[in-house]
Amino acid sequence: MWNIRRFVIHEQPEVSRLQLPVLAPVSGRVCLLDEVPSPAYANGLFGAGIAIDLSGYKIQAPFDGVWLDHSVTGECLRIKSRQGLELLIQVGIDSHKLMGQGFRSKSAKTGSFSQGDTLLEFDLRLLKNRARSAHCLVLTSQTQKLSAIQAHCHSVLACQEPCMTLHFR
1470 MWNIRRFVIH EQPEVSRLQL PVLAPVSGRV CLLDEVPSPA YANGLFGAGI AIDLSGYKIQ
1530 APFDGVWLDH SVTGECLRIK SRQGLELLIQ VGIDSHKLMG QGFRSKSAKT GSFSQGDTLL
1590 EFDLRLLKNR ARSAHCLVLT SQTQKLSAIQ AHCHSVLACQ EPCMTLHFR
């Protein structure tokens, strides 16, 4: 069985054919998924990646890319880079129960976008008061070609620092 806790690591792996840093889509403190109060995310059910304990209030595009999908209530985005990397960005745990309250889309949610474009704004205070957790999850389900995901567990600024580095076999 696949063990996400061995796959997402703090240190750079010994062997890595190619490395791809992923810029943080939001400001905050990067942590591992097991710090998130959701067994589904902590066990990698929706993909492998990191969580960001939010301090920012907007999601910015971490790369040039296109929209794949978004939730009706606004808290979940699926995007794809020009190189083919797909990311799921989930703002808050159980934030869908807010029924879109506190989330404001800043993009057409179709077509393309550029790195740094604001994709979504949200009310951080409302999220901290009413959602189970104010974490932003940055996940990929494309783990077949990866040897590891290196989590950069410290405070990051949106679109200025990587939140994780993907290491390819």
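In terms of our numbering, the sequence shown opens at residue 1470 and continues consecutively. Every residue, glycine too, gets a C-beta built ideally from N, C-alpha and C.
Under the DSSP assignment, Lys1549 falls in the beta strand (DSSP E) whose first and last residues are 1545 to 1550.
A check of alpha carbon separations from Gln1611 across Leu1596, Gly1585, Leu1554, Ser1540 identifies Leu1554 as the nearest. Runs of the beta strand (DSSP E) lying entirely within the stretch 1611 to 1635 and spanning at least 3 residues, in chain order: 1615 to 1620. Remark: three or more beta-carbon pairs, one from each stretch, lie closer than 8 Å, so the stretch 1617 to 1625 and the stretch 1474 to 1487 are flagged as touching. The alpha helix (DSSP H) runs lying completely inside the stretch 1480 to 1548 and spanning 4 residues or more are 1508 to 1511, given in chain order. In this structure, the beta-carbon distance from Ile1562 to Arg1601 falls below 7 Å. Ala1603 has its alpha-carbon roughly 5 Å from the corresponding atom of Lys1597. Nearest C-alpha to Gly1585 among Cys1622, Leu1557, Gln1629, Arg1573: Gln1629. Here Ser1583 carries a coil assignment [DSSP, helix/strand/coil]. Among the bridge pairs identified by DSSP, His1604 is matched with Asp1522.
Within the same chain, Cβ atoms closer than 6 Å to the Cβ of Cys1605 are found at Val1495, Ile1521, Leu1523, Val1560, the five residues on either side in sequence being excluded.
Rounded to the nearest whole angstrom, the CA to CA distance from Gly1516 to Gln1613 is 11 Å.
Exclusion of the five residues before and after Val1505 leaves Ala1511, Ala1520, Ile1562, Ser1602, His1604, Leu1606 as the residues of its chain whose Cβ lies within less than 8 Å of its Cβ. Across the set Glu1483, His1621, His1479, Arg1573, the C-alpha of Arg1573 shows the shortest separation from the C-alpha of His1539.
Relative to Ile1558, the option among Ser1583, Gln1529, Asp1533 whose CA is nearest is Gln1529.
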